[in-house]
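Asks: Here the numbering used here is used: the first residue of the sequence shown is 174, the next is one more, and so on. We treat Cβ as the ideally placed atom computed from N, Cα and C, and that holds for glycine.
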Amino acid sequence: MSPEVEFDRVAPTYDETRRPPSETELDSLVQLLSGCRSLVDGGVGTGRFAAPLHARGFEVLGVDLSVAMMRRAGTKGIIALVRGDLRRLPLRDDAVDAAFTAHVLQLVAEPAAVLRELGRVARHKVVVLLPERPSRGPGDARVEFYRRYRALAQELGYSLPERGPRFWHTFDDLRAIAPPSEVRVVEGQPPALSEEAIRRRAEAGGWFVRGSIPPEVHQEILRRLGTENVPDRSWWKGPRLERFIVWEPSALREMG
Ligand SMILES: C[S@@+](CC[C@H](N)C(=O)[O-])C[C@H]1O[C@@H](n2cnc3c(N)ncnc32)[C@H](O)[C@@H]1O
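(1) Name the two residues that bound the continuous alpha helix (DSSP H) containing H342.
(2) Return helix, strand or coil for F180, following the three-state DSSP convention.
(3) Assuming L206 contacts V300 (C-beta within less than 8 angstroms), just tell me the rounded distance between them.
(4) Is F222 helix, strand or coil by DSSP?
(5) What are the boundary residues of the beta strand (DSSP E) that includes L206?
(6) Nearest-angstrom Cα distance between Q279 and L347?
(7) Kindly indicate which three-state DSSP category D266 falls into: helix, strand or coil?
(8) By a C-beta neighbour count over all protein chains shown, 10 Å radius and 16 as the cutoff for buried, is P338 buried or exposed?
(9) State the CB to CB distance for the pair L234 and A253, rounded to an integer number of angstroms; the pair is presumed to be in contact (CB under 8 angstroms).
(10) Tell me whether E179 counts as near ligand 1, meaning its Cβ is closer than 8 angstroms to at least one heavy atom of that ligand.
(11) Closest by CA to V147, which one among E232, D258, E196?
(12) Decide yes or no for the touch test of the stretch 257-274 against the stretch 211-218: beta carbon pairs closer than 8 angstroms, at least 3 of them.
(13) Please state whether DSSP places G399 in a helix, a strand or coil.
(14) Do you know how far the Cα of S332 is from the Cα of D405?
See below:
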């Protein structure tokens, strides 16, 4: 499933099932963007970051493949919204002071192509906010959940990739693409999600169904999982690590 279709599906429940940016994150971001006024938010989504940045005086242009996600950003005062692919931004060179993207690069198939584009359109800075998974090892509740989810999907005739539904690129992957000029680790707050929100997020599919599972089959898998003793979904509540990664645009333009 393409990202726009996937996120079109998630758009109705996105804001209710995601944590809004913390003050720590926003303060760090504003500091890192000091001296910049115009910015493109690549993969703006529902404007989770764009709206508070706009409220702090930035001129934000949102770009996303999912119109349904951007429609929600439009209700939060973000009026400059363009449908576009981050691998080929519909912007000229040096169009904005800074390019920002949050919770996108871990998902995309070609992070290098996206970084190169962000570097092309930004005059002063490229800032990426990357969430990190604390662990993918044995005993990780998410790994176990996915393992059982995948097995049940298989029983119902649907095959999912072994490694997981996302690429989930890490900081090391991005650092290997081009050396950043600054990195700031932020301890994210535990998600402010109610049990109901966690349930709705799981039901919406979100991260673990990379498209190939129709919604009714997904519901059936969840129903079967509910009767098993799989680890609960408490990982949603745990602390998470996030990194702001900053590049000089020139470092990204010089990539091969
Ligand atoms: C996890 S959401 C993050 C949204 C927002 N930045 C936030 O932090 O809430 C990822 C967003 O990236 C968009 N996206 C994924 N791949 C894209 C691409 N190649 N070009 C443009 N947008 C893309 C999706 O449509 C989705 O809105």
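Replies: The relevant details are as follows:
(1) Numbered from 1 along the sequence shown, position 169 holds the residue referred to as residue 342. Taken as a continuous stretch (DSSP letters only), H342 belongs to no alpha helix (DSSP H), as it is neither H nor E.
(2) Your numbering for residue 180 matches position 7 in the sequence shown. Reduced to three states, the DSSP call for F180 is helix.
(3) Translated into positions along the sequence shown, residue 206 becomes position 33. Translated into positions along the sequence shown, residue 300 becomes position 127. Right, the Cβ-Cβ distance comes to about 6 angstroms (below 8 angstroms), so this counts as a contact.
(4) Within the sequence shown, numbered from 1, the residue matching residue 222 stands at position 49. Here F222 sits in coil by DSSP.
(5) The residue you call residue 206 lines up with position 33 of the sequence shown. It is not in any beta strand (DSSP E) - L206 carries neither H nor E in the DSSP assignment.
(6) In the sequence shown, residue 279 corresponds to position 106, counting from 1. In the sequence shown, residue 347 corresponds to position 174, counting from 1. As the crow flies, the alpha-carbon of Q279 is around 9 angstroms from that of L347.
(7) Locating residue 266 in the sequence shown gives position 93, where the first residue counts as 1. Three-state DSSP puts D266 in coil, outside helix and strand.
(8) On the sequence shown, residue 338 is found 165 positions in, with the first residue counted as 1. Caution applies to P338, whose pLDDT of 49 falls short of 50 and renders its modelled position unreliable; the value that the coordinates give is listed next. The residue in question, P338, is buried, as its Cβ has 16 or more Cβ neighbours within 10 Å.
(9) For the purposes of this step, residue 234 is taken as residue 61 along the sequence shown, with counting starting at 1. For the purposes of this step, residue 253 is taken as residue 80 along the sequence shown, with counting starting at 1. Sure, about 4 angstroms apart at Cβ, within 8 angstroms.
(10) Reading the sequence shown from its first residue, position 6 is the one you call residue 179. Yes, Cβ of E179 sits closer than 8 angstroms to a heavy atom of ligand 1.
(11) It is not possible to answer for residue 147, since the shown part of the chain is limited to 174 through 429.
(12) yes
(13) Numbered from its first residue, the sequence shown carries residue 399 at position 226. If DSSP states are grouped into helix, strand and coil, G399 belongs with the helices.
(14) Numbered from its first residue, the sequence shown carries residue 405 at position 232. Numbered from its first residue, the sequence shown carries residue 332 at position 159. Confidence in D405 is poor, its pLDDT being 49 and thus under 50, which makes the residue's placement too unreliable to answer from.
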